[in-house]
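Take 1102 as the starting number for the sequence shown in this note's numbering and just add one per residue.
Just so it is clear, CB atoms sit at the ideal spot from N, CA and C, and this is done for glycine as well.
Structure, as structure tokens:
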Amino acid sequence: MNFRADLKLCIAKFSVVQLYSQQMAVVRPIRKEPMGLHSQAIDNLEFIRSTMERSGAFTAVPGVGGMLMGATALFAAFAAHLAKSPKAWLAIWVGEATLAFAIGLAFSYRKAMLDGNPLVSRTFRRFVLAMAPSAFVGALLTVMLFRDGQQGLLPAMWLLLYGLGVSSAGAFSVRAVPLMGVGFLFLGGLGTFAPASWGDGLMAAGFGGLHLGFGYLIARHFGG
């Protein structure tokens, strides 16, 4: 009887030892296999790009384009001063605004392509949205004031609203942009107290002189 009991005990111990050995022989990973280095690198680059885009500045503000906008504004101021009627005067400045917008957009696109960046980015949208309210209000007031025969108030209003828009958009761009906006605000404030005959001169100083000066500054220090 003792012999059988001892035999059963030995068999049981052997079975336990064998089962334990099989369990130990199975290799189990301590943690999951990490993703491939290529996929991880792509994810990291996407994160870095999105972070820089959120916090970065809109650097595609054109320096050379700004100088060209200033040059055309000087010609427009000279032509507007010689205009024979208020409608001709307004047509000259509206044409200049349209031309300046086209120049700015074209040179911004050119600068972005040279830098290897897309023009339409998060910072570009912020820049445009910051300027949009001033442009919209300026268009409405232009129609209203000209309809009521108050075109003498337009130069100061244009300078003030453009300066306000540039200063606001400059928060998402290089430092020279908001400084230029302050210059426009100063000239617009001066225009509110100056005689109406100063209008074209102030427009030449603002849209001509400030664009030329700050365009050169941007082209020299920030390219394009």
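To the nearest whole angstrom, what separates the beta carbons of A1257 and T1293, a pair I think is in contact under 8 Å?
As a working note, residue 1257 is residue 156 in the sequence shown. As a working note, residue 1293 is residue 192 in the sequence shown. Their Cβ separation, rounded to whole angstroms, is 5 Å, which keeps A1257 and T1293 in contact under 8 Å.
Would you be able to state if there are at least three C-beta pairs under 8 Å between the stretch 1164-1176 and the stretch 1195-1213?
yes
At what residues does the alpha helix (DSSP H) containing K1185 begin and finish?
Taking the first residue of the sequence shown as position 1, residue 1185 is located at position 84. No alpha helix (DSSP H) contains K1185, which DSSP labels as neither H nor E.
I believe G1266 touches A1236 by the beta-carbon criterion, under 8 Å. Please report the beta-carbon distance rounded to the nearest angstrom.
Within the sequence shown, the letter at position 165 stands for residue 1266. Within the sequence shown, the letter at position 135 stands for residue 1236. 6 Å between Cβ atoms; contact.
Could you say which of F1247, V1229, Q1251 and V1244 lies nearest to S1268 if we only look at CA atoms?
Sequence index remark: in the sequence shown, residue 1268 carries index 167 (1-based). Residue V1229 is the option with its Cα nearest to S1268.
Relative to the alpha-carbon of V1238, which residue among G1217, S1298, L1261 and F1225 has its alpha-carbon at the smallest distance?
Locating residue 1238 in the sequence shown gives position 137, where the first residue counts as 1. Shortest Cα-Cα distance from V1238 to any of G1217, S1298, L1261 and F1225 involves L1261.
CB-CB length for S1209 against P1163, believed under 8 Å
Mapped onto the sequence shown, residue 1209 falls at position 108. Mapped onto the sequence shown, residue 1163 falls at position 62. Going by Cβ atoms, the distance from S1209 to P1163 rounds to 5 Å, so yes, they are a contact pair.
Residue from I1319, H1322 and L1288 with nearest C-alpha to A1306:
Walking along the sequence shown from the start, residue 1306 turns up at place 205. Closest by alpha carbon: L1288.
Restricting to Cα atoms, I'd like to know which of F1176, L1280 and L1246 is closest to L1200.
By 1-based counting over the sequence shown, the position of residue 1200 is 99. Among F1176, L1280 and L1246, the Cα nearest to that of L1200 belongs to F1176.
Report the rounded CA-to-CA distance for A1326 versus G1310, giving the unit in angstroms.
In the structure displayed, the chain extends from 1102 to 1325; residue 1326 sits before or after that span and is not available.
On the criterion of 16 or more Cβ atoms from any shown chain inside 10 Å, does M1232 qualify as buried, or is it exposed?
Your numbering for residue 1232 matches position 131 in the sequence shown. M1232 should be labelled buried.
Same chain only: Cβ atoms within 8 Å of F1247, ignoring 5 sequence neighbours per side:
What you label residue 1247 is simply residue 146 of the sequence shown in a count that begins at 1. Closer than 8 Å at the Cβ level, and outside the excluded window around F1247, lie P1187, L1191 and L1255.
Please look up how many angstroms separate the CB atoms of D1301 and A1178, rounded, as I've assumed it's under 8 Å.
Locating residue 1301 in the sequence shown gives position 200, counting from the first residue. Locating residue 1178 in the sequence shown gives position 77, counting from the first residue. Right, their Cβ atoms sit about 5 Å apart.
Exposed unless 16 or more other CB atoms sit within 10 angstroms - verdict on M1304:
The count along the sequence shown starts at 1 and reaches residue 1304 at position 203. Counting Cβ neighbours within 10 Å, M1304 comes out buried, since at least 16 surround it.
Drop a sphere of 10 angstroms on the beta-carbon of M1214, count the other beta-carbons inside from all chains shown, and report buried for 16 or more, exposed for fewer.
For the purposes of this step, residue 1214 is taken as residue 113 along the sequence shown, with counting starting at 1. Classification for M1214: exposed.
Under 8 Å, do A1338 and V1278 count as touching if we go by C-beta distance?
The displayed coordinates of the chain run from 1102 to 1325. Any statement about residue 1338 would go beyond what the structure contains.
Continuous beta strand (DSSP E) assignments of at least 3 residues falling wholly in the stretch 1220-1279:
none
Report yes if the C-beta distance between K1212 and G1314 is below 8 Å; otherwise report no.
By 1-based counting over the sequence shown, the position of residue 1212 is 111. By 1-based counting over the sequence shown, the position of residue 1314 is 213. Not in contact: K1212 and G1314 (Cβ atoms no closer than 8 Å).
How many Å lie between N1218 and A1320 at the Cα?
Numbered from 1 along the sequence shown, position 117 holds the residue referred to as residue 1218. Numbered from 1 along the sequence shown, position 219 holds the residue referred to as residue 1320. So the alpha carbons of these two residues sit roughly 17 Å apart.
Would you identify the three-state DSSP class for D1216, choosing helix, strand or coil?
Against the sequence shown, residue 1216 aligns to sequence position 115. In this structure, D1216 counts as coil in the three-state DSSP scheme.
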